[in-house]
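First comes the structure, then the notes that go with it.
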Amino acid sequence: EAGVTQFPSHSVIEKGQTVTLRCDPISGHDNLYWYRRVMGKEIKFLLHFVKESKQDESGMPNNRFLAERTGGTYSTLKVQPAELEDSGVYFCASSQGTENSPLHFGNGTRLTVT
Amino acid sequence: AQSVAQPEDQVNVAEGNPLTVKCTYSVSGNPYLFWYVQYPNRGLQFLLKYITGDNLVKGSYGFEAEFNKSQTSFHLKKPSALVSDSALYFCAVRDMNTGGFKTIFGAGTRLFVKA
Numbered sequence: 019e020a021g022v023t024q025f026p027s028h029s030v031i032e033k034g035q036t037v038t039l040r041c042d043p044i045s046g047h048d049n050l051y052w053y054r055r056v057m058g059k060e061i062k063f064l065l066h067f068v069k070e071s072k073q074d075e076s077g078m079p080n081n082r083f084l085a086e087r088t089g090g091t092y093s094t095l096k097v098q099p100a101e102l103e104d105s106g107v108y109f110c111a112s113s114q115g116t117e118n119s120p121l122h123f124g125n126g127t128r129l130t131v132t
Numbered sequence: 061a062q063s064v065a066q067p068e069d070q071v072n073v074a075e076g077n078p079l080t081v082k083c084t085y086s087v088s089g090n091p092y093l094f095w096y097v098q099y100p101n102r103g104l105q106f107l108l109k110y111i112t113g114d115n116l117v118k119g120s121y122g123f124e125a126e127f128n129k130s131q132t133s134f135h136l137k138k139p140s141a142l143v144s145d146s147a148l149y150f151c152a153v154r155d156m157n158t159g160g161f162k163t164i165f166g167a168g169t170r171l172f173v174k175a
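Structure (structure tokens):
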């Protein structure tokens, strides 16, 4: 099966610009998650979709971050306007619908805000 | 609040020797625990999980982990390390208070296996 794919793999933008990250989960996985790892620290949860609905968005840093999952398939994470502290690696993961299902991760998008 | 601690930033071991990567957790209720591995420029890959049952769980690539409820630990182990095991390892716990799907990760431990 095709894995979780993320695009782009790298993005370098200037402070104040907008960036949109995309994630295509494994087909059939209703659960989709966004995570972020900043400067070698822990991987922090951002939000969780079940199909097209936001199940938990408690980890979203602020209203400059907007995540969508139209039609319950792929998801986008938009940062507008970007700030320096938004730099990091953004991971998307998907899982099947049981509570003990492991996460399947994409390779991540490395975002650098200058 | 649920949390995971990986006390070592890096673990160094010689090839052929046993390895241990430590993890402790703090949860309310029964823990669902996971280990993931990340190779350079790749996403995290699932290694193994503990849900219930036998305290020693076996996973991919010869890794195993021991669940210890009294010490709230879930250390990752392998009897004989390979150079190819060198990678970044993450311990994780599933937060069952949010519908059971939010996973909380530790900061990661870099394993370096020397030939």
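Sequence order for the protein chains is E and L.
Count along the first sequence from 1, add 18, and you get the number used in the numbering used here.
Count along the second sequence from 1, add 60, and you get the number used in the numbering used here.
A virtual CB, placed ideally from N, CA and C, is assigned to each residue, including glycine.
Beta carbon of residue i, beta carbon of residue j: below 7 Å?
i, j, result
"Tyr85 of chain L", "Val64 of chain L", "yes"
"Lys69 of chain E", "Gly46 of chain E", "no"
"Pro67 of chain L", "Lys82 of chain L", "yes"
"Leu64 of chain E", "Thr127 of chain E", "no"
"Leu136 of chain L", "Arg170 of chain L", "no"
"Phe67 of chain E", "Leu84 of chain E", "no"
"Phe27 of chain L", "Tyr110 of chain L", "This structure does not reach residue 27 of chain L, given that chain L is present from 61 up to 175, and the question cannot be answered."
"Ala111 of chain E", "Ile31 of chain E", "no"
"Ala141 of chain L", "Asn77 of chain L", "yes"
"Phe134 of chain L", "Phe150 of chain L", "no"
Can you grab the Cα-Cα spacing for the pair residue i / residue j, in whole Å?
i, j, result
"Val153 of chain L", "Phe94 of chain L", "6 Å"
"Phe161 of chain L", "Arg82 of chain E", "25 Å"
"Val97 of chain L", "Lys62 of chain E", "16 Å"
"Glu115 of chain L", "Thr80 of chain L", "Just to set this straight, residue 115 of chain L is Asn in the shown sequence, not Glu. Distance between the alpha carbons of Asn115 of chain L and Thr80 of chain L is about 16 Å."
"Glu60 of chain E", "Leu102 of chain E", "18 Å"
"Ser105 of chain E", "Thr132 of chain E", "9 Å"
"Ala125 of chain L", "Pro43 of chain E", "28 Å"
"Phe172 of chain L", "Val73 of chain L", "6 Å"
"Phe25 of chain E", "Arg55 of chain E", "17 Å"
"Gly168 of chain L", "Leu104 of chain L", "11 Å"
"Ser27 of chain E", "Asp145 of chain L", "24 Å"
"Val22 of chain E", "Met57 of chain E", "23 Å"
"Tyr92 of chain L", "Leu121 of chain E", "13 Å"
"Gln98 of chain E", "Val71 of chain L", "39 Å"
"Asn135 of chain E", "Phe109 of chain E", "In the structure as shown, chain E begins at 19 and stops at 132. Residue 135 of chain E is therefore absent and cannot be evaluated."
"Lys129 of chain L", "Ser120 of chain L", "23 Å"
"Asn90 of chain L", "Thr94 of chain E", "33 Å"
"Lys72 of chain E", "Met156 of chain L", "17 Å"
"Gln62 of chain L", "Ser88 of chain L", "7 Å"
Step through the CB atoms of chain L and report whether any lies within less than 7 Å of the CB of residue i.
i, result
"Ile44 of chain E", "no"
"Gly126 of chain E", "yes"
"Glu103 of chain E", "no"
"Asn49 of chain E", "yes"
"Ile61 of chain E", "yes"
"His28 of chain E", "no"
"Phe123 of chain E", "yes"
"Asn80 of chain E", "no"
"Pro99 of chain E", "no"
Quick one: is residue i near chain E, going by C-beta distance under 7 Å?
i, result
"Lys129 of chain L", "no"
"Lys174 of chain L", "no"
"Phe123 of chain L", "no"
"Tyr99 of chain L", "no"
"Tyr110 of chain L", "no"
"Phe134 of chain L", "no"
"Gly113 of chain L", "no"
"Tyr149 of chain L", "no"
"Leu104 of chain L", "yes"
"Lys162 of chain L", "yes"
"Ala167 of chain L", "yes"
"Tyr92 of chain L", "yes"
May I ask you to check if the CB of residue i is nearer than 6 Å to at least one heavy atom of the ligand ZN?
i, result
"Val117 of chain L", "This structure lacks the ligand ZN, and indeed carries no ligand of any kind."
Within the region 93-170 of chain L, ranges of the beta strand (DSSP E) (whole runs, at least 3 residues) | 104-110, 116-118, 124-128, 133-138, 147-155, 162-165, all fully within the region 93-170 of chain L.
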